[in-house]
Each structure stands twice: as C-alpha cells, then as structure tokens.
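Residue numbers (the UniProt record's numbering): 1 to 561.
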C-alpha cells in the first residue's frame with residue numbers, strides 16, 4: 001500500500017483558514033479523537049491526567065500509518081485528504097486541516113506510536129517543540145497511540161491562562177460527548193488518572209443513535225424522544241427532539257451535526273426556534289439532536305479554526321426541510337403548564353441572618369432605615385396584582401416585588417448559614433441524571449449536606465433522603481435542575497459552588513408571582529428584607545427588588561410644590 005500523506009502547495013494552504021488549533025486541553029482532545037475517527041477506529045480510548053494539562057493519551061485500533069507517513073504527519077499542512085483546490089469543498093472526513101499535529105507538537109511533548117495491519121513493525125516518534133528528538137521501531141498492535149505531555153511547557157505565560165481542573169475537564173467532556181453522539185458506532189472509553197490511579201469514567205459501547213443519546217444524557221429522556229427522518233433530493237435529516245412538554249430545565253441540549261460533524265450555525269438554530277414557536281417556553285427551550293447529510297460541495301466548513309462554524313450555499317432548501325420536518329414531528333404535542341402553588345411558611349422566631357456575625361450585631365442593611373428588631377417602622381402592607389407588596393417605610397412609599405424579595409432573603413440565609421435544619425423524607429425521592437451530572441453532584445455533596453440535604457447514589461440515580469425544612473417535595477427536582485443549568489452555563493469554579501447552590505435553592509423555594517399573601521406574610525417579608533439582608537436592593541442575578549417613591553416625587557406628579 002502506498003504512502004498517503006503529502007505536503008500541500010502554497011496556493012492551497014492560502015485558502016485554508018489559519019488560527020491556533022491548540023487553545024486548551026479540550027482542543028487537543030478534539031483533534032486527536034477526530035484523527036482516530038478518520039482512521040476508521042472501532043474503539044478509542046482517551047486517558048487524561050490533571051484534566052489534560054499534564055497528560056492526554058489517545059489509543060485507537062484504526063488503520064495506522066506507514067513509517068514514512070508517520071514522519072510527515074507532524075509537518076505543517078501535511079494531509080491525506082486534499083490534492084487540489086476543489087478537494088477543499090468535498091471534504092467528508094474530520095481531521096483535514098493539515099496543521100493540527102504540527103500545532104500540537106510545537107507547544108507540547110509528543111510521542112506517537114503507529115502501525116498498519118500490513119506492516120510487520122511499527123514506529124515510535126518523539127517530538128518536542130516541533131523537533132524530532134528520536135525514533136525507534138517497535139512491536140505494537142495495529143493502530144495509533146499518541147501521548148501528549150505538558151501543554152505549553154515552552155510558553156509558561158499561556159499555561160497560566162488555564163482554568164481549574166474542574167472547568168478544563170468540563171470543556172473536554174463537551175468535546176468528548178459531541179463526538180460520541182456523532183459516532184455511536186464507535187466504542188469510546190474515558191479514563192482519568194488521579195493520585196497515580198487510573199479510573200474509568202465512561203465506557204460507551206457501539207449503539208444506535210437513540211441508545212447513545214440516552215447513555216450520554218440519562219435514561220429519563222428515553223420515553224420523551226421524538227424521532228425525525230426526512231429525505232429530500234440529496235439532503236437527509238435524521239435525529240430526535242425532546243417532547244416540548246417535558247419540563248427539564250437542566251437539559252437544554254441543542255446539537256446539530258452536518259455529515260457527522262458538530263457545528264454551530266445561527267441560521268439552523270434560528271430555524272429550529274422558529275419551528276418550535278408555540279411548542280415551548282423560554283423557561284424550557286427546545287432540546288434536539290439533528291443530523292444533516294448532504295453533499296459537501298454545498299457547505300463551507302473550513303471558515304473557522306475550530307471547524308465548528310458552517311455556512312450553506314443552498315439555505316432555502318435547508319430551511320424548508322428543517323422547518324417542515326419539525327412542524328410535522330411536533331404536531332401531536334402541546335405545552336402543558338401546571339405546577340403546584342407553594343405555601344409561604346412563617347416561623348415565629350425566624351431571622352435568617354440574625355446570627356450572621358457571632359458575638360456582634362448585624363450590619364445596618366438599608367442606609368435610610370434605622371436598625372430595629374420590631375416592625376414599628378413598617379406601616380400596613382397591601383398587595384397589588386398578586387405580585388407587588390405596597391408599604392411605607394420612614395415616610396417613603398415602597399413597591400416590592402414579592403418573588404424577588406423572598407429570593408434575596410433565602411439567598412443570603414443559605415449563603416451564610418452553614419448548618420441548616422433538615423427534614424427527613426418519609427419516602428426518598430429518586431432523580432435521574434446523566435452520569436456527567438451525577439459526578440458533578442458528587443463533587444458538591446458536602447455543600448448540599450451543609451444546606452440540609454441528605455443524598456446517596458444508586459444505579460445511576462440520585463436518591464434524596466432529606467431536604468432543608470423550607471423546601472417542599474415538589475421543589476426538590478426544580479432545585480437540582482436550576483443548579484445544574486447554572487453551573488453548566490456559567491462554567492464556574494468550585495469556589496463559587498456555595499453561591500450557586502444558595503442561588504438555586506432560593507430560586508426554587510421563593511414564593512412566586514400570582515400567590516395571594518396575608519398582611520402578616522407581607523410584613524414578614526418587608527421586615528426580613530430590610531433588617532437582615534446585607535444587600536436588599538437586588539436579587540443575586542442583579543434584578544431590582546424594590547423601588548421607592550418619596551413625598552417630593554409624589555408632590556411633583558400632582559404639581560404640588
């Protein structure tokens with residue numbers, strides 16, 4: 001068999017988008033896994049250490065390379081995918097850019113071992129800073145093993161820009177999951193090395209697309225999946241939507257693949273949202289897994305260094321197929337909105353932050369209000385539109401958003417109270433989450449215990465045995481979903497988990513708009529907001545909690561000067 005890798009001439013390389021392939025460990029993982037997929041591997045193993053910062057190792061059983069090709073593979077614009085300019089628009093494989101390995105080798109210490117089935121012996125190359133440090137012939141199995149060590153070892157300033165291991169590992173998991181979803185016919189295994197011990201995190205065997213989605217995201221969505229399969233001329237659309245009535249804020253998964261490559265396209269995303277109009281709320285946006293298959297000559301995939309962004313040359317046809325397919329698939333479904341109304345529980349001696357500073361008095365909370373432990377300064381309250389509390393404080397009229405105020409109160413309570421009171425559940429609650437989410441919950445278990453939760457894990461499920469006394473049963477699932485959405489979207493470090501948990505539990509248990517309150521309940525909220533909250537003006541997410549109208553402003557409106 002002849003060698004395949006060639007060096008591209010300048011008139012072709014000038015048309016390929018340039019950019020830094022190596023941005024973080026996740027970008028290296030993506031490139032190496034894609035190379036293994038292109039090599040027609042049936043099984044791919046990914047081994048990490050320190051979230052990929054010190055070690056990334058990819059082992060595949062693919063075709064391997066000849067000794068000559070292995071040596072050329074680390075040269076810039078070395079590729080087996082492109083011969084002429086026209087080939088740029090007919091690429092069907094993954095790793096075609098011809099500079100990934102060269103870019104990786106320029107900032108990492110690399111060892112590659114590879115052998116083809118027809119070769120009796122393989123080769124091992126050692127490269128550092130894009131320089132070949134050594135090579136030797138080795139007896140190995142068919143396939144390729146690439147070991148990457150010490151990313152940015154020669155660029156210490158770039159190394160300092162890495163995030164925490166938790167954040168970097170999450171970014172790797174994003175890339176890993178996209179590729180596992182795009183190629184369910186391949187076995188993917190992920191190991192993470194900690195304290196010199198190799199732990200298997202995931203092992204996804206070959207499966208159907210539906211089963212792979214369930215394996216990655218959790219069993220609970222299986223019965224909520226709606227299939228779509230459309231063929232119009234040379235364009236094929238396959239995939240799944242999640243039933244819009246399935247209320248799960250922690251899902252929010254939007255995956256679009258073109259020819260088995262994960263891509264980003266504002267055009268496709270807007271088309272999906274438009275087709276979903278009337279079937280979902282902005283609280284629970286659509287979740288979908290869409291796979292387009294079309295002739296590569298109709299797309300430009302190489303317009304961005306990450307190869308994720310895409311443009312189409314026949315957008316009208318794509319729009320019609322996608323829009324109509326969604327409408328037909330979702331026709332039998334409609335949004336169902338029903339949730340039990342929570343009760344506002346008032347405790348006679350409840351002072352959320354009264355013991356915030358042990359041995360001393362609390363800080364004055366609202367500069368224009370004298371600190372007091374009575375409600376003498378609060379006049380009679382009344383409710384407007386079942387949404388606002390109207391009252392007066394020190395001759396000022398205040399209008400308070402009842403939900404936002406209650407959220408602020410509970411946020412500060414759970415943020416500063418390290419030992420919340422628990423209530424044991426008579427019947428434990430069982431919640432289904434993907435393995436990724438369950439692992440995340442395990443990392444913050446101690447924070448949950450401090451807030452009054454008692455949890456355990458059984459057969460891929462989260463078992464909730466106890467909750468804070470302020471939480472009702474129907475709020476438990478909402479709390480975990482809110483937390484998982486927030487932690488995923490914000491990409492926060494572990495040091496912020498306490499704040500995110502406090503925010504999530506406050507959002508879940510705070511009274512909602514539309515709930516009729518008694519005068520006692522309204523007075524209670526006003527008292528706690530202004531006398532015990534350190535920052536009563538805004539919610540944790542920056543929303544205004546109340547507005548004030550003083551006598552001067554009111555007199556001005558009546559032209560009474």
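Yeah, the Cβ is synthetic: ideal placement off N, Cα and C, and Gly gets one too.
- Bridge partners of residue 528 according to DSSP: none are assigned.
- In chain order, 401, 404, 537 and 538 place their CB closer than 8 Å to the CB of residue 544, counting only its own chain and leaving out the 5 sequence neighbours on each side.
- At the C-beta level, residue 31 and residue 63 stay beyond 7 Å of one another.
- Counted as a single uninterrupted DSSP element, the alpha helix (DSSP H) harbouring residue 556 occupies residues 551-557.
- A contact is defined here as three or more CB-CB pairs under 8 Å, and the stretch 287-299 meets this definition with respect to the stretch 223-242.
- Look at the beta carbons and you see the stretch 39-58 touching the stretch 166-186: at least three pairs across the two are nearer than 8 Å.
- For residue 311 and residue 270, the gap between their C-alpha atoms comes out near 14 Å.
- At the C-beta level, residue 242 and residue 329 stay beyond 7 Å of one another.
- Take the alpha-carbon of residue 194 and the one of residue 25: they are about 17 Å apart.
- Between the stretch 462-480 and the stretch 505-512, the count of Cβ pairs shorter than 8 Å is three or higher; the stretches touch.
- Beta-bridge partners of residue 220 (DSSP): none assigned.
- Ranked by how close their Cα comes to the Cα of residue 223, the residues 204, 244 and 205 have 244 in first place.
- Counting the other Cβ atoms within 10 Å of the Cβ of residue 316 gives fewer than 16, which makes it exposed.
- Distances from the CA of residue 60 to each of 552, 116, 500 and 324 were compared; the closest alpha carbon is that of 116.
- Inclusion of residue 228 and residue 325 in the CB contact set at 7 Å is warranted, their separation being smaller than that value.
- With contacts defined as CB atoms closer than 7 Å, residue 57 and residue 147 qualify as a contacting pair.
- One thing to note: residue 214 has its Cβ no nearer than 7 Å to the Cβ of residue 107.
- Residue pairing by DSSP places residue 58 opposite 46 and 146 in a beta bridge.
- Two segments are said to touch when three or more pairs of C-beta atoms, one from each, lie closer than 8 Å; by this definition the stretch 523-537 touches the stretch 379-398.
- A contact is defined here as three or more CB-CB pairs under 8 Å, and the stretch 181-188 fails this definition with respect to the stretch 149-165.
- In the structure shown, the three-state DSSP call for residue 411 is helix.
- Residue state for residue 174 is assigned as helix, using DSSP reduced to three classes.
- By the CB criterion at 7 Å, residue 287 and residue 253 fall inside the cutoff.
- Looking at the DSSP output, residue 192 sits in a beta bridge with 48 and 199.
- Rounded to the nearest angstrom, the gap between the Cα atoms of residue 103 and residue 199 is 29 Å.
- Considering only 450, 428 and 471, the residue with the shortest C-alpha distance to residue 463 is 428.
- Taking a C-beta distance under 7 Å as the contact criterion, residue 414 and residue 451 qualify as a contact pair.
- Take residue 465, set aside five residues on each side of it, and the residues of its chain with a beta-carbon closer than 8 Å to its own are 424, 425, 428, 454, 455 and 456, in chain order.
- Under DSSP, residue 254 shares a beta bridge with 288.
- The three-state reading of DSSP puts residue 476 in helix, counting H, G and I together.
- Beta-bridge pairing by DSSP links residue 131 to 128.
- Between residue 127 and the set 460, 259 and 150, the nearest pair of CA atoms involves 150.
- Of the residues 534, 526 and 28, the one whose Cα lies closest to the Cα of residue 547 is 526.
- Within a 10 Å sphere around the beta-carbon of residue 259 sit 16 or more other beta-carbons, which makes this residue buried.
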